[in-house]
Amino acid sequence: MSASTKLWCCSVDDETFNSGTFLTREEAIIYAVKEFEPEPGAVIHIARASHPDLSELFDVDDLTEGAACRAYEVGGDYADGFPDLSVEEKQELERCILSYLKPLVPVTFYRVDESEPHTITLADLEMAAIQM
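In terms of our numbering, the sequence shown opens at residue 161 and continues consecutively.
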């Protein structure tokens with residue numbers, strides 16, 4: 161499954177979501193019914209979840225800007241322009257960093273999007289009972 165694959169997750173408070181491990185909305189609802197035991201009419205929240213791509217979390221500009229600040233602290237104005245990397249060199253550096261980090265730093269958390277309230281129905285309770 162790719163990092164951008166959107167799965168489903170659920171919550172009772174629209175803040176704390178279970179891990180996004182459900183392939184369908186219905187699976188997330190069944191899980192919520194079994195886990196939280198809501199009464200008919202109770203509201204849960206169903207949302208889409210996806211792992212952020214590692215490239216969203218590591219940015220070569222953060223690295224080079226940090227190096228530039230430290231260089232200025234050491235060399236003052238003499239360090240102006242450090243590190244002097246072209247756009248292509250920065251892109252290559254970012255590719256190298258990300259390819260190195262991907263196996264070492266797996267993204268195990270989710271981004272939650274598109275949360276919607278879902279009112280529990282008798283049909284939801286019956287569907288969950290069948291799955292037990």
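Each residue gets a CB set at the ideal place from its N, CA and C atoms; glycine is no exception.
Just so we're clear, the structure is a prediction, and the values are computed from it rather than from any experiment.
query                                                                                                                        : result
Sub-7 Å separation of residue 246 and residue 205 beta-carbons                                                               : no
Cβ neighbours of residue 203 in the same chain (closer than 6 Å, five flanking residues each side left out)                  : 277, 279
Rounded C-alpha distance that separates residue 249 from residue 223                                                         : 13 Å
Neighbourhood of residue 231 by C-beta distance below 6 Å, restricted to the same chain and skipping five residues each side : 239, 242
Runs of alpha helix (DSSP H) lying entirely within the stretch 178-224, each at least 4 residues, in chain order             : 185-196
CB-CB length for residue 208 against residue 273, believed under 8 Å                                                         : 5 Å
Option in 282, 275, 290, 286 with minimal Cα separation from residue 175                                                     : 275
Rounded Cβ spacing between residue 196 and residue 261 (contact assumed at less than 8 Å)                                    : No, residue 196 and residue 261 are not in contact; Cβ-Cβ is about 37 Å, not under 8 Å.
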